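Heads up, the thing below is written out as structure tokens.
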Amino acid sequence: MRIYNSQSRQKETFVPIREGQAGVYCCGPTVYDFFHIGNARPFIMFDLLRRVLIRQGYQVTFVQNFTDIDDKMIQRANREGISVKELGDRFIKEYYQDAGALGVKPADVHPRATEHIPQIIKIIQELIDKGLAYERDGDVYYSAAGFPGYGKLSGQDMEELEEGARVSVDEDKRSPIDFALWKAEKPGEPSWDSPWGKGRPGWHIECSAMSMEYLGDSIDIHCGGQDLIFPHHENEIAQSEGATGKPFVNYWMHNGFLNINSEKMSKSKGNFFTVRDILEEYDAETVRMLMLSAHYRSPLNFSREMMEQAHASLARLYTLRDHLAFLLEKTEDKRLSAADEAFIQGTQDSLKHFDDALADDLNSAEAMGALFEMVYSANTQLSESSARAAVQAAWDVLHEATDLFGLLTKKQEALPEAVQKLAEERAQARKNKDWQQSDALRKQLSDLGYVVEDTPQGQKVRKAL
RNA sequence: GGCGCCAUAGCCAAGUGGUAAGGCGAAGGUCUGCAAAACCUUUAUUCCCCAGUUCGAAUCUGGGUGGCGCCUCCA
Numbered sequence: 004m005r006i007y008n009s010q011s012r013q014k015e016t017f018v019p020i021r022e023g024q025a026g027v028y029c030c031g032p033t034v035y036d037f038f039h040i041g042n043a044r045p046f047i048m049f050d051l052l053r054r055v056l057i058r059q060g061y062q063v064t065f066v067q068n069f070t071d072i073d074d075k076m077i078q079r080a081n082r083e084g085i086s087v088k089e090l091g092d093r094f095i096k097e098y099y100q101d102a103g104a105l106g107v108k109p110a111d112v113h114p115r116a117t118e119h120i121p122q123i124i125k126i127i128q129e130l131i132d133k134g135l136a137y138e139r140d141g142d143v144y145y146s147a148a149g150f151p152g153y154g155k156l157s158g159q160d161m162e163e164l165e166e167g168a169r170v171s172v173d174e175d176k177r178s179p180i181d182f183a184l185w186k187a188e189k190p191g192e193p194s195w196d197s198p199w200g201k202g203r204p205g206w207h208i209e210c211s212a213m214s215m216e217y218l219g220d221s222i223d224i225h226c227g228g229q230d231l232i233f234p235h236h237e238n239e240i241a242q243s244e245g246a247t248g249k250p251f252v253n254y255w256m257h258n259g260f261l262n263i264n265s266e267k268m269s270k271s272k273g274n275f276f277t278v279r280d281i282l283e284e285y286d287a288e289t290v291r292m293l294m295l296s297a298h299y300r301s302p303l304n305f306s307r308e309m310m311e312q313a314h315a316s317l318a319r320l321y322t323l324r325d326h327l328a329f330l331l332e333k334t335e336d337k338r339l340s341a342a343d344e345a346f347i348q349g350t351q352d353s354l355k356h357f358d359d360a361l362a363d364d365l366n367s368a369e370a371m372g373a374l375f376e377m378v379y380s381a382n383t384q385l386s387e388s389s390a391r392a393a394v395q396a397a398w399d400v401l402h403e404a405t406d407l408f409g410l411l412t413k414k415q416e417a418l419p420e421a422v423q424k425l426a427e428e429r430a431q432a433r434k435n436k437d438w439q440q441s442d443a444l445r446k447q448l449s450d451l452g453y454v455v456e457d458t459p460q461g462q463k464v465r466k467a468l
């Protein structure tokens with residue numbers, strides 16, 4: 004497995020800390036609202052990372068947090084007249100629903116910031132003890148200047164940062180680039196007891212605390228969006244390494260943005276679609292198809308046209324799946340011809356190509372290309388005169404690849420009785436060469452969402468995607 | 001101002017030193033009663049531009065141009 008490490012800015016061979024195991028931490032959502040389709044990109048792509056690692060034989064521990072306490076949470080909760088806890092509970096539930104719909108599996112651990120206050124306090128105390136943090140009127144700040152490696156992930160220079168820093172809201176800080184570890188209680192805000200009085204954690208510290216809790220002081224892979232590189236991940240490094248004195252993360256992975264009209268989709272710009280809304284109109288697998296068609300680090304434009312293209316590509320996979328099922332019934336269990344053997348070898352080669360592409364920094368676009376090579380090969384080389392084993396090989400490889408991609412999850416279903424009846428009537432009308440009647444029935448089936456195909460082996464009816 | 005990313009056909013997208021994968025779309029064709037699906041043919045002598053290195057560059061170097069992002073909450 005090769006991974007592009009944002010810190011070294013090059014691809015590196017993945018060497019886990021513990022052989023055969025991989026500890027992965029991904030920054031999760033702030034649960035103050037539904038997440039949008041741009042937020043879904045890292046969820047889908049790093050879920051793919053997890054699947055690939057597992058396929059390669061690693062024992063993966065995958066952790067993704069919920070940020071359930073911050074300014075936005077408090078604002079939203081106040082606006083809705085509910086507690087921050089209630090708000091978090093609600094949108095964590097919504098997260099599971101949308102992520103699940105998108106085929107994103109739940110992480111091994113989904114820790115909540117508010118349930119790790121003792122761990123957070125412990126790290127802050129360690130940082131204070133080491134002189135890397137200081138308290139001011141109940142607030143605690145990290146002293147970035149005290150950590151020599153500050154800026155190593157983002158390539159930022161301390162002095163440039165200080166000069167370029169925007170107006171500092173909080174004048175208690177020693178330096179504009181210092182950041183809050185603990186915020187003193189303000190009226191109307193939830194708070195927890197701490198050695199520095201009542202208050203709540205800053206944003207960055209939760210990820211240090213929770214990754215340490217579930218993955219240890221050093222973790223293999225840490226992922227998130229490119230917009231988290233600075234300051235969030237830079238700050239995590241400072242906190243974690245400052246506290247433990249050990250390397251925090253070996254491989255940093257950052258996904259590119261999902262754009263709209265070439266601009267980053269974001270809540271603040273208002274140019275976003277929630278996953279909830281998108282799934283009203285499009286199939287979840289179409290969303291996956293779109294995401295998988297581009298490399299995770301590249302920018303990806305989201306548009307209706309892109310969704311239509313992804314949908315059409317996906318339909319090609321379903322068509323083949325259905326066609327293979329059809330062939331499995333028609334073909335015989337006979338001796339393999341030379342052509343069958345060559346075909347089976349070809350499917351294995353395609354699968355190898357598929358795996359190799361994914362092992363190369365999660366190149367899902369190339370892997371998709373490998374999958375479609377197999378699709379083409381099956382479409383051109385298989386027929387009812389093929390040996391069943393050859394068809395089975397195509398079926399197996401198709402499913403190995405699409406299972407990993409989280410595609411073709413909709414199983415073939417028996418036709419509803421009404422559909423079956425119409426289909427039979429149409430078959431009869433065709434036999435009678437009553438084209439008008441048969442076309443009318445085909446139209447009726449189409450309106451019900453079923454496609455009718457006349458093949459040499461008879462009429463085939465399938466559900467339209 | 002600082003730190004980065006991106007630029008490949010009508011649309012999307014791999015490829016990062018050896019002569020342009022794949023998908024969508026479009027046109028024509030085979031098949032079909034007509035369709036659908038699939039298949040066949042066509043759709044980039046060329047990879048934003050200009051120099052340079054090299055036997056050889058979309059790929060490396062330098063310089064431009066255009067777009068985007070982070071430096072404030074953001075996946």
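My numbering applies: residue 4 is where the first sequence begins, and numbers increase by one. C-beta: ideal position from N, C-alpha, C; glycine also. The structure displayed is predicted, hence computed values, not measured ones.
(message) Count Cβ pairs between the region 437-445 and the region 404-418 that sit closer than 8 Å; are there 3 or more?
(response) no
(request) Give, in chain order, every unbroken run of the alpha helix (DSSP H) that is at least 4 residues long and sits entirely within the region 84-167. (result) 87-104, 120-132, 161-167
(request) Using beta-carbon positions only, say whether L385 and A397 come within less than 8 Å of one another. (result) The residue you call residue 385 lines up with position 382 of the first sequence. The residue you call residue 397 lines up with position 394 of the first sequence. The answer is yes: Cβ separation under 8 Å.
(message) Using a 10 Å radius around the Cβ and a threshold of 16 neighbouring Cβ atoms, would you call A467 buried or exposed?
(response) Residue 467 sits at position 464 when you count from the first residue of the first sequence. It is exposed - the Cβ of A467 has fewer than 16 other Cβ atoms within 10 Å.
(message) Along the chain, where does the beta strand (DSSP E) containing T383 start, and where does it finish?
(response) Here residue 383 is taken as the residue at index 380 of the first sequence, counted from 1. Not the beta strand (DSSP E): T383 falls in the alpha helix (DSSP H), residues 367-384.
(request) Pick helix, strand or coil for K75, following the three-state DSSP scheme. (result) On the first sequence, residue 75 is found 72 positions in, with the first residue counted as 1. Correct three-state label for K75: helix.
(message) Tell me the residue span of the beta strand (DSSP E) that contains Y7.
(response) Sequence index remark: in the first sequence, residue 7 carries index 4 (1-based). Element bounds for Y7: 5-8.
(message) Could you compute how far the alpha carbon of P198 sits from the alpha carbon of E209?
(response) Taking the first sequence and counting its residues from 1, one reaches residue 198 at position 195. Taking the first sequence and counting its residues from 1, one reaches residue 209 at position 206. Going by the C-alpha atoms only, they are around 17 Å apart.
(message) Tell me the rounded alpha-carbon separation between A116 and A183.
(response) As a position in the first sequence, residue 116 is number 113, starting the count at 1. As a position in the first sequence, residue 183 is number 180, starting the count at 1. In a straight line, the C-alpha of A116 is about 15 Å away from that of A183.
(message) With H, G and I counted as helix, E and B as strand and the rest as coil, what does DSSP make of H257?
(response) Walking along the first sequence from the start, residue 257 turns up at place 254. DSSP places H257 in strand when its eight states are reduced to three.
(message) To test your reading of the DSSP string, which unbroken alpha helix (DSSP H) runs of 4 or more residues are found completely within the region 257-311?
(response) 278-284, 287-295
(request) Could you spell out the range, first to last residue, of the beta strand (DSSP E) harbouring E15? (result) By one-based count along the first sequence, residue 15 stands at place 12. Start and end: 13-16.
(message) For Y217, report the span of its alpha helix (DSSP H) as first-last.
(response) Here the question's residue 217 lines up with position 214 in the first sequence. Residues 206-218.
(message) Measuring only the C-alpha atoms, how far is D336 from F346?
(response) The count along the first sequence starts at 1 and reaches residue 336 at position 333. The count along the first sequence starts at 1 and reaches residue 346 at position 343. Between D336 and F346, the C-alpha separation is close to 16 Å.
(message) I need the straight-line Cα distance from K272 to F37, nearest angstrom please.
(response) Position 269 of the first sequence, counting from 1, holds the residue named residue 272. Position 34 of the first sequence, counting from 1, holds the residue named residue 37. Roughly 16 Å separates the two Cα atoms.
(request) Leaving aside the five residues before and after N262 along the sequence, list all residues of the same chain whose C-beta is less than 6 Å from its C-beta, in chain order. (result) Working through the first sequence from its first residue, we reach residue 262 at position 259. Here the set comprises P302, N304.
(request) Below 6 Å CB to CB, which residues in the same chain sit around Q24 once its five sequence neighbours on both sides are set aside? (result) Counting from 1 along the first sequence, the entry for residue 24 is found at position 21. Contacts found: Q62.
(message) Using a Cβ-Cβ cutoff of less than 7 Å, which residues in the same chain neighbour I281 once the five nearest sequence positions on both sides are dropped?
(response) Here residue 281 refers to the residue found at position 278 when the first sequence is read from its first residue. Excluding positions up to five away in sequence, the list reads I40, V290.
(message) Going by C-alpha to C-alpha distance, which of L105, M161, M292 sits closest to A510?
(response) There is no way to answer for residue 510, as the model of the chain reaches only from 4 to 468.
(message) Suppose the cutoff is 8 Å on Cβ atoms and the five residues either side in sequence are ignored; what does the same chain contact list for D160 look like?
(response) Within the first sequence, numbered from 1, the residue matching residue 160 stands at position 157. Taken in chain order, the residues that qualify are G154.
(request) Would you mind giving the Cβ-Cβ distance between G152 and E244, rounded to the nearest angstrom? I have them listed as a contact below 8 Å. (result) As a working note, residue 152 is residue 149 in the first sequence. As a working note, residue 244 is residue 241 in the first sequence. With 8 Å as the limit, G152 and E244 qualify as a contact, their Cβ atoms being about 7 Å apart.
(request) With a cut-off of 8 Å on the beta carbons, I'd call I47 and M294 a contact; round off their distance for me. (result) Your numbering for residue 47 matches position 44 in the first sequence. Your numbering for residue 294 matches position 291 in the first sequence. Right, the Cβ-Cβ distance comes to about 5 Å (below 8 Å), so this counts as a contact.
(request) Could you tell me if T383 is buried or exposed, where buried requires 16 or more neighbouring beta carbons within 10 angstroms of its beta carbon? (result) Residue mapping note: residue 383 aligns to position 380 of the first sequence, counting from 1. Result: exposed.
(request) Determine contact between the region 185-200 and the region 140-148, defined as no fewer than three beta-carbon pairs at a distance below 8 Å. (result) yes
(message) Less than 7 Å between C-beta atoms, sequence neighbours within five positions excluded: which residues of the same chain meet that for V170?
(response) Numbered from its first residue, the first sequence carries residue 170 at position 167. Because V170 carries a pLDDT of 48, less than 50, the predicted location of this residue cannot be relied on, and the following value inherits that uncertainty. Correct list: empty, nothing qualifies.
(request) Please report how far the alpha carbon of S316 lies from the alpha carbon of K201, in whole angstroms. (result) The residue you call residue 316 lines up with position 313 of the first sequence. The residue you call residue 201 lines up with position 198 of the first sequence. Answer to the nearest angstrom: the Cα atoms are 55 Å apart.
(request) Starting from the C-beta of A368, find all residues in its chain whose C-beta is less than 7 Å away, skip the five residues before and the five after it, and write them out in chain order. (result) As a first step, residue 368 is located in the first sequence; it is residue number 365 there, counting from the start. Here the set comprises S296, A297, H298.
(message) Under DSSP, the alpha helix (DSSP H) around E244 begins and ends at which residues?
(response) Taking the first sequence and counting its residues from 1, the one referred to as residue 244 is at position 241. E244 -> alpha helix (DSSP H) spans 237-247.
(request) Using the Cα positions of V455 and L327, report the straight-line distance between them to the nearest angstrom. (result) Sequence index remark: in the first sequence, residue 455 carries index 452 (1-based). Sequence index remark: in the first sequence, residue 327 carries index 324 (1-based). Their Cα atoms are separated by approximately 17 Å.
(request) For G26, name the three-state secondary structure that DSSP assigns. (result) As a position in the first sequence, residue 26 is number 23, starting the count at 1. It is a strand residue.
(request) May I ask you to list the residues that DSSP assigns as paired with T458? (result) Taking the first residue of the first sequence as 1, we reach residue 458 at position 455. According to DSSP, T458 bridges with G461.
(message) Please state whether the Cβ-Cβ distance between A390 and R338 is less than 8 Å.
(response) Taking the first residue of the first sequence as position 1, residue 390 is located at position 387. Taking the first residue of the first sequence as position 1, residue 338 is located at position 335. Yes, these two residues count as a Cβ contact at 8 Å.
(request) Determine the contact status of I126 and S211, defining contact as a CB-CB distance below 8 Å. (result) By 1-based counting over the first sequence, the position of residue 126 is 123. By 1-based counting over the first sequence, the position of residue 211 is 208. Their beta carbons are under 8 Å apart, which means I126 touches S211 by this criterion.
(request) Compare the Cα-Cα distances from D363 to each of L51, I20, Y35 and report the closest residue. (result) Within the first sequence, residue 363 is the residue found at index 360, counting from 1. Closest by alpha carbon: L51.
(request) In the DSSP assignment, find the beta strand (DSSP E) that holds D343 and state where it starts and stops. (result) The count along the first sequence starts at 1 and reaches residue 343 at position 340. Here D343 belongs to no beta strand (DSSP E); instead the alpha helix (DSSP H) covers 341-362.
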